[in-house]
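Enquirer:
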Amino acid sequence: MTKPQLVLDIGGVLATNLSPLLWQLLAIEAAVSEEHLYSAYKREISESLWRGHLSEEQFWEWIISHVPTLNKVQGRAFVDMSLKPLPALAYIPEWQQLADIHILSNHLSAWVDPLLSTIRPFLNTITISSQIALKKPDPSIFESVISLLPLGSPVLFVDDQQTNLKQAVSHGWRTLLADDEGHWMNQVSMQLKQISHNQQQ
């Protein structure tokens, strides 16, 4: 009998989302409204960045064109300030006793590597959007993860975005919404144990 498969997002699950703090910090530095800067980012480069079509260096070039007083070192410091570990990281060793653990995140690998290095021994696979030119909720990124899992194994997916959970359901995965209060963490072990129990019947 194969273990259940636990697939975790990063932003809003294992670490804080970059928004809104990153854009607040950048907007203050640029002396422009956060809404103005963020809407330009979403319109011009967001899709390309998360799909890996735009390098981190090109991202900072774009940012600096809008925030001329910023340099890359300061910008990376803003990223680090915005990307903080969440309490769920401490549960990873416990969950690894119950399931194989996988990461599925829309992110830049360079930004999340330091965070993931602390739990890498407990992870079976890591799928980051910028590395495979796909992003959630594109069905293809879920299919890519499925190809890495034991055939027919039950999956529990945790994400903080309903659109991503909806896509996961269409692939037959169980889902759990990561709420801001962190109540979801108490549900993970319970659901994994229930999945294992159902497999034994």
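In the working numbering, the protein residues as written are 5 to 205.
No residue lacks a Cβ here, since even glycine has one placed at the ideal position from N, Cα and C.
Is the segment 100 to 113 touching the segment 11 to 26 in the sense that three or more CB pairs, one from each, lie closer than 8 Å?
Expert: As far as the Cβ criterion goes, the segment 11 to 26 touches the segment 100 to 113, which means the pair count is three or higher.
Enquirer: Please name the residue, chosen from Gln135, Ala19, Asn190 and Leu10, that lies closest to Leu90 on a Cα-to-Cα basis.
Expert: When each option's Cα is compared against that of Leu90, the closest is Ala19.
Enquirer: Given that a residue counts as buried once 16 or more other Cβ atoms are within 10 Å of its Cβ, and exposed if not, what is Gly79?
Expert: Gly79 comes out buried.
Enquirer: Do His131 and Val149 have their C-beta atoms within less than 8 Å of each other?
Expert: The sequence shown places Thr at residue 131, not His. Against a cut-off of 8 Å, the Cβ pair of Val149 and Thr131 comes out as a contact.
Enquirer: If we ignore side chains and look at the alpha-carbon of each, how far apart do Phe82 and Ala103 end up?
Expert: Each residue's alpha carbon lies about 34 Å from the other.
Enquirer: For His187 and Gln165, I'd like the C-alpha separation in whole angstroms.
Expert: Each residue's Cα considered, the two are about 15 Å apart.
Enquirer: Consult DSSP for His106 and reduce its assignment to one of helix, strand or coil.
Expert: Reduced to three states, the DSSP call for His106 is strand.
Enquirer: Buried or exposed: where does Leu155 fall if 16 or more other Cβ atoms within 10 Å of its Cβ makes it buried?
Expert: Burial call: exposed.
Enquirer: Look at the alpha carbon of Leu58 and the alpha carbon of Ser52, and state the distance between them as a whole number of angstroms.
Expert: Their Cα atoms are separated by approximately 5 Å.
Enquirer: Skipping 5 residues on each side, what residues in its chain have a beta carbon closer than 6 Å to that of Pro141?
Expert: Closer than 6 Å at Cβ, skipping near neighbours: Thr167, Asn168 and Gln171.
Enquirer: Given Arg178, which residues of its chain have a CB within under 6 Å of its CB, disregarding the five upstream and five downstream residues?
Expert: Correct list, in chain order: Leu160.
Enquirer: Can you list, in chain order, the stretches of the beta strand (DSSP E) that have 3 or more residues and sit fully within the segment 74 to 132?
Expert: Those beta strand (DSSP E) runs which fall completely within the segment 74 to 132 and span 3+ residues are 104 to 109 and 127 to 132.
Enquirer: What are the residues that DSSP puts in a beta bridge with Arg178?
Expert: In the DSSP output, where bridge partners are listed per residue, Arg178 has Leu160.
Enquirer: Which residue from Leu180, Gln205 and Pro97 puts its Cα closest to that of Gln195?
Expert: Looking at the Cα atoms, Leu180 is the closest of the given residues.
Enquirer: Who pairs with Gln9 in a beta bridge, going by DSSP?
Expert: According to DSSP, Gln9 bridges with Asp104 and Val159.
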